[in-house]
Each structure stands twice: as structure tokens, then as C-alpha cells.
Amino acid sequence: MQKKKRLLYLGLAGFCLGFMQKSEPALKDAYKKDFYVGAALNNRQISGQDAQATALIKQQFNTISPENLLKWGPVHPQPDKYNFKPADDYVAFGQQNRMFIVGHTLLWHQQTPNWVFEGENGQPASREVLLKRLEDHINTVVGRYKGKIGGWDVVNEAIDDQKGDLRKTKWVEILGEDFAAKAFEYAHKADPKAELYYNDYSLYRPEKREGVIKLVKGLQAKGIKVAAIGMQGHYGLTKPTIAQVEESIVAFSKLGVHVNFTELDIDVLPNPSRRQGADIAETFGADVKYNVYTTGLPDSVQQQLTKRYADLFALFRKHRDVIDRITLWGVTDSDSWLNDWPIKGRTSYPLLFNRQYQPKPAFRAVMQAAK
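Using the working numbering, the first residue of the sequence shown is number 2, and each one after it goes up by one.
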């Protein structure tokens with residue numbers, strides 16, 4: 002009898018959540034004349050293990066990005082092994098729900114297995130060997146989803162944080178400065194109709210902005226089309242300023258490219274890092290002074306978060322002629338990478354939906370900004 006009561010309770014709870022979500026206004030509808038609004042998905046959501054999040058995704062968003070499953074390490078862990086099941090499920094989910102599907106990412110210095118850069122006897126791979134591996138990888142992955150994935154983050158985070166120069170990575174060391182051009186060429190060949198993007202964080206900073214402008218101009222000089230620059234929106238409550246973000250939107254649009262905000266979240270917690278965005282190599286040990294809201298977000302901070310999102314979406318809407326897509330980096334607060342970066346185990350509150358899958362005041366403000 003107890004088991005039956007429990008099952009009835011769970012059923013009613015699920016029905017109530019579904020009813021609340023159905024009655025909730027949708028971001029994708031509010032901004033349908035402006036730009037796509039989406040989220041980055043994890044494996045639990047794609048596989049159906051997190052049914053509540055899946056329902057929220059279907060209701061709220063019309064574009065999706067994969068948080069990890071299309072990065073080189075997860076999809077191509079060994080030279081002769083590809084792991085396509087999670088990616089296949091991700092693409093199928095997007096197709097079934099008529100969403101604009103994004104591929105992330107083809108060339109990055111992180112989450113790329115060591116074997117990619119290794120030659121014989123532990124020596125670095127030659128330029129020829131690494132180019133062949135890059136071409137084979139892009140041809141296989143992009144080719145598999147040709148006509149299904151609408152746009153690819155081809156090159157990710159290739160500009161140094163400090164001076165705006167090319168980041169010193171194994172890609173640059175072995176291939177030289179044309180590594181990005183080669184990646185874009187291979188991606189275009191594998192799917193000529195897919196949009197191709199450059200993606201990076203802290204692009205509100207003048208040094209990085211100029212570095213990306215130089216990179217994109219170099220690609221354009223070779224006849225390579227960059228459809229959009231992805232500005233990762235890993236921001237804080239006060240930094241960067243709205244004016245700083247807007248300066249980069251305007252500067253990039255002058256290149257004849259569009260702008261996507263690809264990884265939007267707002268870190269409300271004290272941060273030991275230099276707050277320059279999202280360098281995942283920059284981590285710190287646990288410290289209670291950087292995890293101050295373990296029992297909930299104070300109302301004063303909730304109000305700051307709400308205003309921050311409202312101001313950002315007002316800016317996005319102002320520049321909707323050059324902005325194609327806004328993607329939140331996660332669905333609910335519990336999904337966010339900021340619970341574990343730059344310190345593991347924190348309780349973070351960076352998104353529009355809380356840990357109970359309910360809209361936060363920031364969500365209401367974003368909906369209001371659409372009017």
C-alpha cells in the first residue's frame with residue numbers, strides 16, 4: 002500500500018511540474034523575432050535521465066549546444082576509436098524538437114588527448130602527421146552530421162589572455178600560425194553549408210578583442226568565411242560593464258560577421274581568479290570564503306543577478322541585427338560548471354532556473370526585456 006501511495010505521489014508531482022512548465026512563458030517565443038535562445042546540454046539531459054530538465058529544454062529553447070560530448074577527448078578518445086552514441090543522441094534530440102543544433106568544438110588546446118600531438122618514440126608529431134589527424138577528425142565528425150548540425154565552433158580559445166597574441170599551444174608549436182585556417186578549410190569541405198564560428202572568452206577586453214579581429218581578418222584574407230564570433234558570456238555581477246560588452250559587439254560586426262553569445266552565465270560568488278572568463282586550467286583549493294551561499298541566495302544578490310540579466314538581454318536585443326544566438330551554459334543552477342570551477346563543490350546560482358527547475362526572478366526580467 003505504501004508503495005502505491007509513493008508512486009501516486011511521484012506521478013502527481015511530475016504532473017504538477019509539467020503543468021507549471023506548460024503554463025510558463027517561453028524564452029524562444031519571447032525572442033523569436035530577435036535571435037535563437039538556447040542552452041548547453043549534458044549527457045543526463047540528452048539520455049533522458051533528467052526528465053524534468055528535458056521537459057524544460059523542450060519548452061524554453063530553440064537551439065542547443067553540447068557541453069562536452071563533441072569535444073575531441075569524449076568523441077575521439079583513441080586514434081582508431083570514436084564514441085558517437087552520445088553525440089548521435091544529442092543530434093537526434095535537436096532534430097526531433099526542430100532546434101538549431103550547434104557543434105562544439107573541433108580544435109581546442111584543452112580536452113584533446115595526448116596521442117593527437119605525439120609521434121613515434123614519444124617525440125612530438127610532425128606537422129604533416131598532425132594536419133592529417135586534424136583533417137581526418139574534422140572530416141569524420143563534421144561529415145557524420147552534415148546537414149544536421151547547423152553551425153560549428155571550429156576553433157576555440159586560441160587567443161592569449163594577456164596580450165592578445167596567439168595562445169602558445171601544441172597546435173601552434175607544431176602547425177604554425179595557419180592552424181586555424183586549416184581547421185576552417187577542413188570544416189567547410191566536410192559540410193559546405195554549415196556555419197563556421199570562432200569562439201572565445203573575455204572578448205570584452207580590448208587586448209583579446211584586437212587579437213580575435215586580427216585572427217579573423219587573416220582568415221578572411223585567405224577567402225575563409227567566418228559566419229560569427231562566439232563571445233563566451235562568463236560574466237560577473239558587475240564586470241564587465243555593459244559598455245565593454247557592447248564595444249566588442251560593434252567592433253566584431255564591422256568585420257562583416259555576426260555575433261553569438263555562446264556560454265552565458267553570471268557568477269554571483271566571490272572569485273579567487275582574475276575574473277578573465279573561463280580558463281579551465283586556473284583552479285584553486287577549497288575555501289569557505291569563496292562558497293558563501295550554501296543555504297540559498299540572499300535577496301539582495303538575487304536582485305543584482307536579476308538586473309544583470311535584464312541589462313544584458315536589453316543589450317542583446319538592441320543589437321539583434323547582428324546577434325543570431327544566445328546560449329546559456331547549462332539549464333538549471335545544479336547543471337552549471339561554476340559549481341566546480343574555479344573551486345570544486347561550490348553552490349553556485351548563475352542561470353535562469355533554480356535547482357528545483359523553477360524560473361528565478363532573473364527569468365521574469367529577461368522575459369520583460371523582450372517586450
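No residue lacks a Cβ here, since even glycine has one placed at the ideal position from N, Cα and C.
Q.
On a Cα-Cα basis, can you pick out the residue from W153, Y146, L132 that is closest to W172?
A. Indexing the sequence shown from 1 puts residue 172 at position 171. Out of W153, Y146, L132, the CA that lies nearest to the CA of W172 is found in L132.
Q. What three-state label does DSSP hand M368 in the structure shown?
A. Here residue 368 is taken as the residue at index 367 of the sequence shown, counted from 1. Three-state DSSP puts M368 in a helix.
Q.
So, for Y294: in the same chain, excluding its five sequence neighbours on each side, which residues have a beta-carbon less than 8 Å away from its beta-carbon?
A. Taking the sequence shown and counting its residues from 1, the one referred to as residue 294 is at position 293. The residues are V269, L270, V302, T348, Y350.
Q: My understanding is that F118 touches I175, with C-beta atoms under 8 Å, so please give their C-beta distance in whole angstroms.
A: Within the sequence shown, the letter at position 117 stands for residue 118. Within the sequence shown, the letter at position 174 stands for residue 175. Right, their Cβ atoms sit about 7 Å apart.
Q | Spatial distance of R134 from P80 (CA atoms) | A | On the sequence shown, residue 134 is found 133 positions in, with the first residue counted as 1. On the sequence shown, residue 80 is found 79 positions in, with the first residue counted as 1. Each residue's Cα considered, the two are about 9 Å apart.
(Q) Using a 10 Å radius around the Cβ and a threshold of 16 neighbouring Cβ atoms, would you call V76 buried or exposed? (A) Indexing the sequence shown from 1 puts residue 76 at position 75. Around the Cβ of V76, a 10 Å sphere holds 16 or more other Cβ atoms; the residue is buried.
Q) Using the rule of at least 16 other Cβ atoms within 10 Å of the residue's Cβ for burial, across every protein chain shown, is L216 buried or exposed? A) The residue labelled residue 216 in the question sits at position 215 within the sequence shown. The Cβ neighbour count for L216, taken over all protein chains shown within 10 Å, is at least 16; the residue is labelled buried.
Q) What's the gap between the Cα of K82 and the Cα of K218? A) What you label residue 82 is simply residue 81 of the sequence shown in a count that begins at 1. What you label residue 218 is simply residue 217 of the sequence shown in a count that begins at 1. Looking at the two C-alpha atoms, the distance is approximately 36 Å.
Q: Return the chain-ordered ranges of every beta strand (DSSP E) run that is complete within the stretch 191-243 and spans a minimum of 3 residues.
A: Restricting attention to beta strand (DSSP E) runs no shorter than 3 residues, the stretch 191-243 encloses them at 196-202, 229-233, 235-237, ordered along the chain.
**Q.** Cβ shell of K223 (< 8 Å), same chain only, five flanking positions each side left out
**A.** For the purposes of this step, residue 223 is identified with residue 222 of the sequence shown, where counting begins at 1. Annotation for K223: A182 place their beta carbon closer than 8 Å to its own, counting only its chain and skipping 5 residues before and after.
Q. If L197 sits next to W153, beta carbons under 8 Å apart, how far is it from one beta carbon to the other, in whole angstroms?
A. Within the sequence shown, the letter at position 196 stands for residue 197. Within the sequence shown, the letter at position 152 stands for residue 153. Contact check for L197 and W153: beta-carbon distance about 6 Å, within the 8 Å limit, so the pair qualifies.
**Q.** Where E119 falls: helix, strand or coil (DSSP)
**A.** As a first step, residue 119 is located in the sequence shown; it is residue number 118 there, counting from the start. Strand, per DSSP.
Q | Contacting residues, own chain, Cβ-Cβ under 8 Å from K164 (five flanking each side not counted) | A | Numbered from its first residue, the sequence shown carries residue 164 at position 163. Result list for K164: E208, G212, in chain order.
Q: Look at the alpha carbon of M21 and the alpha carbon of P362, and state the distance between them as a whole number of angstroms.
A: In the sequence shown, counting from the first residue as 1, residue 21 sits at position 20. In the sequence shown, counting from the first residue as 1, residue 362 sits at position 361. Any reading at M21 must be qualified, since the residue scores a pLDDT of 46, below 50, and its modelled position is unreliable; no value is offered.
Q) According to the neighbour-count rule (16 or more other Cβ atoms, all chains shown, within 10 Å of its Cβ), is G177 buried or exposed? A) Taking the sequence shown and counting its residues from 1, the one referred to as residue 177 is at position 176. Classification for G177: exposed.
(Q) Let me make sure I understand the geometry here. Which of T333, M368, A370 has the alpha-carbon closest to that of A52? (A) In the sequence shown, the residue the question calls residue 52 occupies position 51. Distances from the CA of A52 to each of T333, M368, A370 were compared; the closest alpha carbon is that of T333.
Q. Could you check where the alpha helix (DSSP H) with E129 kicks off and where it finishes?
A. Along the sequence shown, read from residue 1 onward, the residue named residue 129 stands at position 128. Its alpha helix (DSSP H) spans residues 128-145.
Q) Do the stretch 315-330 and the stretch 33-41 make contact, defined as three or more Cβ pairs closer than 8 Å? A) Touching, yes, given that three or more Cβ pairs across the two stretches are closer than 8 Å.
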